[in-house]
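Novice: With our numbering applied, the sequence shown covers 8 to 341.
Positions of the beta carbon are idealized from the N, C-alpha and C atoms, including for glycine.
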Amino acid sequence: MTEVRGRMWVRGEPADGFTFSAISDCLTSEDTLVWADIYDPDHDTLTALAEELKLNMWAVEDATAPNERTKATVYRTHTFFTVYAIQMLTAVGDSTSTLVKHRISAFVLPRGLITVRLPPVAGDDPGFGMDEVSQRFDELGGQQYGVGALVHGLLDVVVDGHFDAVQDLDDGIESLEDELFDEDGPKRGLQRRTFRYRKDLVELRRVVLPMREVVSAIKSRRLDAKTSPELNPLYDDLYDHVLRASEWTESLRDMVTTVFETNLSLQDARLNTVMKKLTGWAAIIAVPTAITGFYGQNVEYPGLNTVAGFVVSSALIVLLVAVLYVMFRKRDWL
8 MTEVRGRMWV RGEPADGFTF SAISDCLTSE DTLVWADIYD PDHDTLTALA
58 EELKLNMWAV EDATAPNERT KATVYRTHTF FTVYAIQMLT AVGDSTSTLV
108 KHRISAFVLP RGLITVRLPP VAGDDPGFGM DEVSQRFDEL GGQQYGVGAL
158 VHGLLDVVVD GHFDAVQDLD DGIESLEDEL FDEDGPKRGL QRRTFRYRKD
208 LVELRRVVLP MREVVSAIKS RRLDAKTSPE LNPLYDDLYD HVLRASEWTE
258 SLRDMVTTVF ETNLSLQDAR LNTVMKKLTG WAAIIAVPTA ITGFYGQNVE
308 YPGLNTVAGF VVSSALIVLL VAVLYVMFRK RDWL
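#1: Report the partner residues of residue 44 according to the DSSP bridge assignment.
#2: Assign residue 182 to one of three DSSP states: helix, strand, or coil.
#3: Using 8 Å as the threshold, is the segment 108–116 in touch with the segment 73–91, meaning 3 or more CB pairs across them?
#4: I want to know whether the segment 288–295 touches the segment 257–277 - three or more CB-CB distances under 8 Å.
#5: Counting pairs of Cβ atoms below 8 Å between the segment 34–48 and the segment 12–21, do you hit three or more?
#6: Let me check understanding here. Comparing Cα to Cα, which of 258, 62, 215, 286 lies closest to residue 245?
#7: On the three-pair Cβ rule with 8 Å, is the segment 208–222 touching the segment 238–258?
#8: Is there contact between the segment 175–183 and the segment 198–210, where contact requires at least three CB pairs shorter than 8 Å?
#9: What did DSSP end up calling residue 299 once you bin it into helix, strand or coil?
#10: Since residue 109 sits in a beta bridge, which residues does DSSP pair it with?
#11: Among 288, 282, 325, 307, whose alpha-carbon lies nearest the alpha-carbon of residue 298?
#12: Per the DSSP calculation, residue 81 is bridged to which residue(s)?
#13: Which residue or residues does DSSP assign as beta-bridge partners of residue 22?
#14: Please say whether residue 106 and residue 207 have beta carbons closer to each other than 7 Å?
#15: Between the C-alpha atoms of residue 116 and residue 175, what's the straight-line distance to the nearest angstrom?
#16: Buried or exposed, going by whether 16 or more other CB atoms sit within 10 Å of the CB of residue 48?
#17: Taking the beta carbon of residue 217 as the centre, do at least 16 other beta carbons fall within 10 Å, making it buried, or is it exposed?
#18: Give the DSSP-derived three-state secondary structure of residue 317 in the structure shown.
#19: From the DSSP secondary-structure annotation, give me the bridge partner or partners of residue 1.
#20: Should the segment 54–69 be called in touch with the segment 27–42, which here means at least 3 C-beta pairs below 8 Å?
#21: Rounded to whole angstroms, what's the CA-CA distance from residue 125 to residue 154? Just pull it up for me.
#22: With distances taken Cα to Cα, identify the nearest neighbour of residue 221 among 165, 23, 236, 173.
#23: Taking 8 Å as the limit between beta carbons, can you name the residues of its chain near residue 286, skipping five residues before and five after?
#24: Since residue 138 is in the alpha helix (DSSP H), which residue starts that stretch and which ends it?
#25: Kindly indicate if chain B contains any beta-carbon less than 7 Å away from that of residue 168.
#26: First and last residue of the alpha helix (DSSP H) that includes residue 197?
#27: Out of curiosity, what's the CA-to-CA distance linking residue 237 and residue 243?
#28: Going along the chain, which residues of its own chain have a beta-carbon closer than 8 Å to the beta-carbon of residue 219, five neighbours each way excluded?
#29: Going by C-alpha distance, which of 66, 19, 271, 152 is nearest residue 85?
#30: Which whole-angstrom value is the C-beta distance of residue 179 and residue 204, which I expect to be below 8 Å?
#31: Could you tell me the distance, in whole angstroms, from the CA atom of residue 60 to the CA atom of residue 96?
#32: Closest to residue 300 by C-alpha separation, out of 320, 284, 195, 309, would be which residue?
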């Protein structure tokens, strides 16, 4: 079911009276700024709004099409972009992904911002709330600077979510590194958790890396850039955050790959240690087996059925076992 919410500012101050049907009338007023958020849009409703506001129909299709990539497209009268907000859930298993993506598409008009959100694919996933975005608008206190302030507030919340996701993944990968060199060895399921982090990083990378082009395109093609130069430092800082998130994500990919390869190397090293120990003890056990097997032959030999023969054979077993044990201990085989 389509849900619509929105806010309106007149001369930089919050104002009441927002209605979805009056969006086009509000956008014609030079001293009015409008934000409309449409959740789970009905195709006919969105198409009618696009025709009323002269939005590009291909962009409207992209706003509702599944599996759309992160991008920004500049048209003559408006700018369209698609980004993904990230939420990290509590892990419920070694192989279950904790990363949830929420797609947000937006149409940037000279005096308005229209955001379009789709419901999550999985029914038990929490939807991305826009309350934090609305709060960020108020904290910015720059609605008098035009629609660029609204766009910055939205992107700032999205990029902050990327940072939080990268931080959570970084902490998880560090815990894997601690397990690798634990004296008792890694816990069960390390390989599964490593694979999960690699998968989450691949998904996160697809979202974070294109944000550089999105922020750059919006920054360079802002419709209010000439009238609101005060926003330029804010967009520069936002672009810097995007670059840091991208570089952090790339470094984490190297880290998780190193953890995966190191774990395999340590498994090989542990296997070699076990094989050395087994080989050493097998050699030690082979001494009494060989001697008692020799004396067990059904033939005549010196010391047969005598105490002296038993003492000699037992002493020989103890001597050879002791020599082998000391030799293997010096070579760190036991």
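Specialist: With the given structure in hand:
#1: Indexing the sequence shown from 1 puts residue 44 at position 37. 12, 122.
#2: Indexing the sequence shown from 1 puts residue 182 at position 175. DSSP, read as helix, strand or coil, puts residue 182 in helix.
#3: Taking 8 Å as the limit for Cβ pairs, the verdict is that the segment 73–91 does touch the segment 108–116.
#4: The answer is no - the segment 257–277 does not touch the segment 288–295, with fewer than three Cβ pairs under 8 Å.
#5: yes
#6: In the sequence shown, residue 245 corresponds to position 238, counting from 1. Of the candidates 258, 62, 215, 286, the one whose C-alpha sits nearest the C-alpha of residue 245 is 215.
#7: Touching, yes.
#8: yes
#9: Taking the sequence shown and counting its residues from 1, the one referred to as residue 299 is at position 292. Reduced to three states, the DSSP call for residue 299 is helix.
#10: Here residue 109 corresponds to residue number 102 of the sequence shown, with the count starting at 1. Partner(s): 92.
#11: If you number the sequence shown from 1, residue 298 lands on position 291. The shortest C-alpha to C-alpha distance from residue 298 to any of 288, 282, 325, 307 is the one to 325.
#12: Residue mapping note: residue 81 aligns to position 74 of the sequence shown, counting from 1. DSSP output for residue 81 lists 86 as bridge partner(s).
#13: Along the sequence shown, one-based indexing puts residue 22 at 15. 15.
#14: For this step, residue 207 is matched to residue 200 along the sequence shown. For this step, residue 106 is matched to residue 99 along the sequence shown. Yes, these two residues count as a Cβ contact at 7 Å.
#15: Sequence index remark: in the sequence shown, residue 116 carries index 109 (1-based). Sequence index remark: in the sequence shown, residue 175 carries index 168 (1-based). One C-alpha to the other measures close to 35 Å.
#16: Translated into positions along the sequence shown, residue 48 becomes position 41. Residue 48 comes out buried.
#17: As a working mapping, residue 217 is identified with position 210 in the sequence shown. So residue 217 ends up on the buried side.
#18: By 1-based counting over the sequence shown, the position of residue 317 is 310. For residue 317, the secondary structure class from DSSP, reduced to helix, strand or coil, is helix.
#19: This structure cannot settle anything about residue 1, because the visible part of the chain is limited to 8 through 341.
#20: Touching, per the Cβ criterion.
#21: The residue you call residue 125 lines up with position 118 of the sequence shown. The residue you call residue 154 lines up with position 147 of the sequence shown. The straight-line gap from Cα to Cα measures roughly 23 Å.
#22: As a working mapping, residue 221 is identified with position 214 in the sequence shown. Checked all of 165, 23, 236, 173; the closest Cα to residue 221 is 165.
#23: Numbered from 1 along the sequence shown, position 279 holds the residue referred to as residue 286. For residue 286, where only same-chain residues beyond five positions count, the Cβ hits under 8 Å are 340.
#24: Taking the first residue of the sequence shown as position 1, residue 138 is located at position 131. First-last of the alpha helix (DSSP H) with residue 138: 138–147.
#25: Given the protein chain composition of this structure (a single chain), no chain B is represented.
#26: Residue numbering aside, residue 197 sits at position 190 when the sequence shown is read from its first letter. Where residue 197 is concerned, the enclosing alpha helix (DSSP H) stretches over 197–215.
#27: For the purposes of this step, residue 237 is identified with residue 230 of the sequence shown, where counting begins at 1. For the purposes of this step, residue 243 is identified with residue 236 of the sequence shown, where counting begins at 1. So the alpha carbons of these two residues sit roughly 11 Å apart.
#28: Position 212 of the sequence shown, counted from the first residue, corresponds to residue 219. 246, 249, 250, 253, listed in sequence order.
#29: By 1-based counting over the sequence shown, the position of residue 85 is 78. Measuring from the Cα of residue 85, the nearest candidate turns out to be 66.
#30: Taking the first residue of the sequence shown as 1, we reach residue 179 at position 172. Taking the first residue of the sequence shown as 1, we reach residue 204 at position 197. Residue 179 to residue 204, Cβ: 6 Å. Contact.
#31: Within the sequence shown, numbered from 1, the residue matching residue 60 stands at position 53. Within the sequence shown, numbered from 1, the residue matching residue 96 stands at position 89. Distance between the alpha carbons of residue 60 and residue 96 is about 38 Å.
#32: Walking along the sequence shown from the start, residue 300 turns up at place 293. Closest by alpha carbon: 320.
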